[in-house]
Structures are given as C-alpha cells and as structure tokens.
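Residue numbers (the numbering used here), protein chains in the order written: chain S, 531 to 643; chain A, 4 to 114. C-beta: ideal position from N, C-alpha, C; glycine also.
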C-alpha cells in the first residue's frame with residue numbers, strides 16, 4: 531500500500547531533550563515536506579525537500595532541522611524542544627513528475643513540557 | 004495573502020449532494036485547483052484537482068467556471084464519514100511551489 535509513515539504517533543517530552551520524528555514514504559516520491567498544525571493557525575509548512583540532499587525552509591522553520599540522505603526518508607529533528615513546539619505534525623510527499631496530489635502521514639502529536 | 008475564499012462552515016443532510024464553493028479570483032494560468040479534506044486530526048487527504056476542465060473521480064466532482072475564478076466541489080451522496088474540513092488550494096505543481104492551506108470549510112453531514 532502506498533503510504534507515508536510517521537513515528538511516533540504520540541510523544542511527550544521535556545524541554546531541551548533532543549528528539550527525532552521519522553517520516554518514510556514507499557512511493558519513490560522526490561518531494562517531501564513537514565507541516566505543523568495548531569488551533570486557529572491551520573497547517574503551516576516547516577521544511578521541504580525537492581530531492582535527496584536538497585532541503586529548504588518553509589514558513590516556520592525556527593527550532594527545527596531536517597535531513598534528506600535517502601529518497602524515502604525525511605526526519606524532523608528538534609535539537610532543543612520548547613513548549614511552543616507542542617503541536618500536531620504531518621509529513622507529506624509528492625511525485626514532482628506530474629500534477630498528482632500530496633500523500634500525508636497520519637500525524638505525530640508532540641507535547642513538550 | 005489568501006489565494007482562495009471558502010465559507011467557514013456548511014451543513015448537509017446524509018444522502019444529499021454537498022456542494023462546496025471556492026473563490027480564487029487571482030488564479031494564474033499555470034495554477035491548478037486542488038481539493039483536500041481533513042477528518043478530525045487525521046492527515047489531510049487528497050480528493051481531486053483540475054486546471055480548467057471539469058473533473059470526476061470516485062470521490063467527488065470538480066466544477067471549474069470558464070473564467071477559472073471559482074470552483075465547486077461536489078460530493079454526490081454525502082455520508083456521515085464525509086464530515087471534515089475541506090480545503091481548496093490553488094498552486095502550480097511544477098518544481099518549487101508549496102502547498103499552502105487556508106482555513107477551509109467545515110462540512111457537517113447530519114443524519
């Protein structure tokens with residue numbers, strides 16, 4: 531089944547403790563992206579990647595890092611999480627060869643205390 | 004800047020057609036109209052997209068006006084499981100465009 535898989539689904543952590551949210555897709559998509567969703571603010575893009583070793587900032591990149599060493603994986607790294615990064619996070623991917631839609635993961639609900 | 008305008012909420016009776024409007028008066032020639040939906044806290048789900056012709060798939064139909072300044076997503080026989088936030092997004096899929104979500108329309112399907 532074609533899908534984007536995020537792990538973990540839920541995470542509670544403490545301020546300052548480094549964490550990584552993994553994202554993997556099995557569709558050989560070039561484009562991958564991370565979003566966060568907050569009440570009243572909607573979905574906002576954090577980082578995106580056009581292909582392996584090519585990443586760029588989205589609208590809200592502060593406090594986040596990403597890497598794209600392999601085509602299928604696009605982990606989101608929080609080096610020193612803070613409470614304002616408590617949010618619902620989504621990973622998405624798309625084939626840049628056509629006009630098809632994005633496929634989103636099921637989400638990661640992160641709480642930083 | 005908002006590129007699309009949608010009503011914040013709509014109601015629909017189960018089994019009836021749901022017609023969700025979207026205005027995109029500043030759409031440019033190479034931009035497509037995409038529709039996604041998000042069922043409570045799940046990942047957004049792609050529904051359909053179109054450039055200028057009407058489109059239909061197993062989920063929905065998309066009607067785009069001739070001047071491309073507005074469109075309507077039609078769910079022909081709404082079910083309770085269609086209750087979700089529906090997002091209309093315009094963007095050019097080529098290369099470096101990013102998907103920007105607005106506030107969408109909350110569709111409530113009732114028995």
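Residues bridged to residue i [DSSP beta-bridge criterion]
{"i": "residue 14/A", "result": "111/A"}
{"i": "residue 52/A", "result": "37/A"}
{"i": "residue 83/A", "result": "In DSSP, residue 83/A forms no bridge with anything."}
{"i": "residue 26/A", "result": "8/A, 73/A"}
{"i": "residue 572/S", "result": "568/S"}
{"i": "residue 540/S", "result": "639/S"}
{"i": "residue 88/A", "result": "41/A, 109/A"}
{"i": "residue 562/S", "result": "579/S, 623/S"}
{"i": "residue 60/A", "result": "DSSP output for residue 60/A lists no bridge partner at all."}
Sequence-distant residues of its chain with Cβ nearer than 8 angstroms to residue i (five each side left out)
{"i": "residue 633/S", "result": "532, 533, 534, 555, 557, 559, 622, 623, 624"}
{"i": "residue 548/S", "result": "607, 608, 609, 610, 611"}
{"i": "residue 543/S", "result": "549, 611, 640, 641, 642, 643"}
{"i": "residue 650/S", "result": "An answer regarding residue 650/S cannot be provided, because it is not within the stretch 531 to 643 covered by chain S."}
{"i": "residue 103/A", "result": "6, 92, 94"}
Partner residues on chain S for residue i, Cβ-Cβ distance less than 9 angstroms
{"i": "residue 9/A", "result": "Within chain S, no residue comes near residue 9/A; the closest Cβ sits about 12 angstroms away, beyond 9 angstroms."}
{"i": "residue 94/A", "result": "Within 9 angstroms Cβ-Cβ: nothing; residue 94/A doesn't reach chain S, min ~10 angstroms."}
Contacting residues, own chain, Cβ-Cβ under 7 angstroms from residue i (five flanking each side not counted)
{"i": "residue 66/A", "result": "57, 74, 75, 77"}
{"i": "residue 87/A", "result": "40, 41, 42, 110"}
{"i": "residue 636/S", "result": "536, 539"}
Contacts around residue i, its chain only, beta-carbon distance under 6 angstroms, and the 5 residues preceding and following it disregarded
{"i": "residue 4/A", "result": "With a pLDDT of only 47 at residue 4/A, under 50, the local geometry of the prediction cannot be trusted, and the value read off the model is given with reservation. Result list for residue 4/A: empty, nothing under 6 angstroms."}
{"i": "residue 114/A", "result": "17"}
{"i": "residue 28/A", "result": "72"}
{"i": "residue 589/S", "result": "574, 575"}
{"i": "residue 546/S", "result": "610"}
Per-residue contacts from residue i into chain S (C-beta, under 8 angstroms)
{"i": "residue 105/A", "result": "572"}
Environment of residue i [buried if 16+ CB atoms lie within 10 Å]
{"i": "residue 584/S", "result": "exposed"}
{"i": "residue 598/S", "result": "buried"}
{"i": "residue 31/A", "result": "exposed"}
{"i": "residue 108/A", "result": "buried"}
{"i": "residue 85/A", "result": "buried"}
Proximal residues of chain A, C-beta to C-beta of residue i below 7 angstroms
{"i": "residue 575/S", "result": "101"}
{"i": "residue 618/S", "result": "44"}
{"i": "residue 578/S", "result": "101"}
Whole-angstrom C-beta distance between residue j and residue i, which should lie under 8 angstroms
{"i": "residue 538/S", "j": "residue 638/S", "result": "6 angstroms"}
{"i": "residue 631/S", "j": "residue 52/A", "result": "6 angstroms"}
{"i": "residue 586/S", "j": "residue 577/S", "result": "7 angstroms"}
{"i": "residue 19/A", "j": "residue 81/A", "result": "6 angstroms"}
{"i": "residue 35/A", "j": "residue 93/A", "result": "7 angstroms"}
{"i": "residue 579/S", "j": "residue 594/S", "result": "Actually they do not touch by this definition, with Cβ atoms about 13 angstroms apart."}
Interface residues of chain A facing residue i [CB-CB closer than 8 angstroms]
{"i": "residue 636/S", "result": "45, 46"}
Under 7 angstroms from the C-beta of residue i: neighbouring residues of chain S
{"i": "residue 52/A", "result": "629, 631"}
{"i": "residue 35/A", "result": "629"}
{"i": "residue 89/A", "result": "Here the premise fails: no neighbours, minimum Cβ distance about 13 angstroms."}
Partners in chain A for residue i, counting only beta-carbon separations shorter than 9 angstroms
{"i": "residue 540/S", "result": "Within 9 angstroms Cβ-Cβ: nothing; residue 540/S doesn't reach chain A, min ~11 angstroms."}
{"i": "residue 588/S", "result": "101"}
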